[in-house]
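Trainee:
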Amino acid sequence: MRRLFCSCGGELFFDSKTCVTCKSDVGFDIQTKRFECISNENKVRRCQNGVDYGVCNWLSAPNSATGLCYSCEFNRIIPDLSRSKNIEKWQILEAAKKRLLYSLLKLGIPCITKWSSDKYGFVFDFIEDQRTNPDISEEYVSTGYLGGIITINLNEADPVFRAQQKEATNEIYRTVLGHFRHESGHHFYNFIKYFPDLDLEYQKLFRGTCEVDYEDALKDFYTYGPKANWERNFITPYASAHHLEDWAETWSHYLIILDSLETAKEFGLINETLDQCDIYAKISRWQDITVGLNEINRSVGIEDNYPFVINHTTIKKLALIEELTQKLKSHLPDLAIY
Ligand SMILES: [Zn+2]
Ligand SMILES: [Zn+2]
Ligand SMILES: [Zn+2]
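Convert by adding 32 to the 1-based position in the sequence shown; the result is the number in our numbering.
(1) Which residues bound the beta strand (DSSP E) around Y177?
(2) With DSSP collapsed to three states, give me the class of T346.
(3) Among all the DSSP beta bridges, which residues are the ones paired with C69?
(4) Given 7 Å as the limit, tell me if A280 has its C-beta closer than that to any heavy atom belonging to ligand 3.
(5) I need the boundaries of the beta strand (DSSP E) containing N185, first residue and last residue.
(6) Whose C-alpha, out of A97, D248, E203, is nearest the C-alpha of F340?
(7) In angstroms with no decimal places, state the Cα-to-Cα distance between L325 and D336.
(8) With a threshold of 7 Å on Cβ separation, who are the neighbours of E199 within its own chain once the five nearest residues in sequence on each side are excluded?
(9) Is any heavy atom of ligand 2 found at a distance shorter than 7 Å from the C-beta of L100?
(10) Using a Cβ distance threshold of 8 Å, determine whether the stretch 308-320 contacts the stretch 211-231, with at least three qualifying pairs required.
(11) Put E126 into one of helix, strand or coil per three-state DSSP.
(12) Can you tell me which of N72, V58, E73 puts its alpha carbon nearest to the alpha carbon of R66?
(13) Under the three-state reduction of DSSP, which class applies to I328: helix, strand or coil?
(14) Consider the C-beta atom of L48 and the heavy atoms of ligand 1; say whether any pair is separated by less than 7 Å.
(15) What's the call for A368, buried or exposed, on a 16-neighbour Cβ count within 10 Å?
(16) Going by DSSP, which residues form a beta bridge with F154?
(17) Between G180, R108, Y221, E160, which has its C-alpha nearest I353's C-alpha?
(18) Is E170 helix, strand or coil when you go by DSSP?
(19) Would you say the beta carbon of E277 comes nearer than 7 Å to a heavy atom of ligand 3?
(20) What residue range is occupied by the uninterrupted alpha helix (DSSP H) comprising R239?
(21) Could you pull out every residue in the same chain whose Cβ sits closer than 7 Å to the Cβ of T295, ignoring the five residues on either side in sequence?
(22) Is it buried or exposed, D167, if we count other Cβ atoms within 10 angstroms and call 16 or more buried?
(23) Under three-state DSSP, which class holds E371?
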């Protein structure tokens, strides 16, 4: 994430709604990737979801008929707002979703709603299930991806629920942002078929000889745990469940590395910009930084910042993901990229 400032010079953060220095209301403009002061003189408006519910700090898209921002246009189903705490949870999901969209737009890959392209776009459903809302017909809604629809269970915004799930599934990380990144990985996997050379590489690196049915593979994972010695070939235990999950997990780490390195550069922790580094240099800088970050966290007394080891196979997988993102910048020209 880049460093952000108010027109008064005060420092702002990606989630800022007001400037603590000059007290102005501010809104993020995704086109310029800067904050603007929202005032009568300045003809910009806050997104309607920010005005009505306080869940969005972006500016309404220019000429928008709905008054929504670029990010809120991606919402297909929003939470039931008559239920207490749902606005609070929705805001947590919105904040993570915006970080994801920011990263995807920075990559310059097709990041459009399913309303504008049914073939290449995606949308979000934020839903509850009977575990928290007895009025809902679904007993259990899992966070997941299907045909351009990213479903996030609203309960993931509840830290207690998330911690319980993390324990139950023995995960190393479980974050709201991680869910968004992971599910977006499933979406962008769809694009690999447009590039036969990359698809071939995918078959070698990810699919391998895995012929197990997806549902059976997940059932096995939840019954017997990760593959033995998963650390040698996968970034997380869950990645060893099935090659599609391996792709989504590795994609998620690609975004973690990119976003974190951008932040590191902005705060002077590395010298090079991302454009100056190929994937191998990026991974190497990231590995250098995380040793220090983990030590700092241990000094503070909290869990490691990045408790993962990037093995050689994962490096090759990350390189394939970078190649796909680079190709997607110049291909599929029929797409209007925002
Ligand atoms: Zn200010
Ligand atoms: Zn919005
Ligand atoms: Zn997945």
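Think of the CB as a built atom: it goes at the ideal place given N, C-alpha and C, for glycine as much as any other residue.
Mentor: Considering the structure as presented:
(1) 176-178
(2) helix
(3) V58
(4) yes
(5) 181-185
(6) E203
(7) 8 Å
(8) none
(9) yes
(10) no
(11) helix
(12) V58
(13) helix
(14) Per the sequence shown, the amino acid found at residue 48 is Ser instead of Leu. No, Cβ of S48 sits at least 7 Å from all heavy atoms of ligand 1.
(15) Bear in mind that a pLDDT of 48 at A368, under 50, signals an unreliable position, so the number given afterwards is only what the model happens to contain. Burial call: exposed.
(16) T145
(17) Y221
(18) coil
(19) yes
(20) From DSSP, R239 is part of no alpha helix (DSSP H); its letter is neither H nor E.
(21) M33
(22) exposed
(23) With the chain represented from 33 up to 370, any question about residue 371 goes unanswered, as that position is not in the structure.
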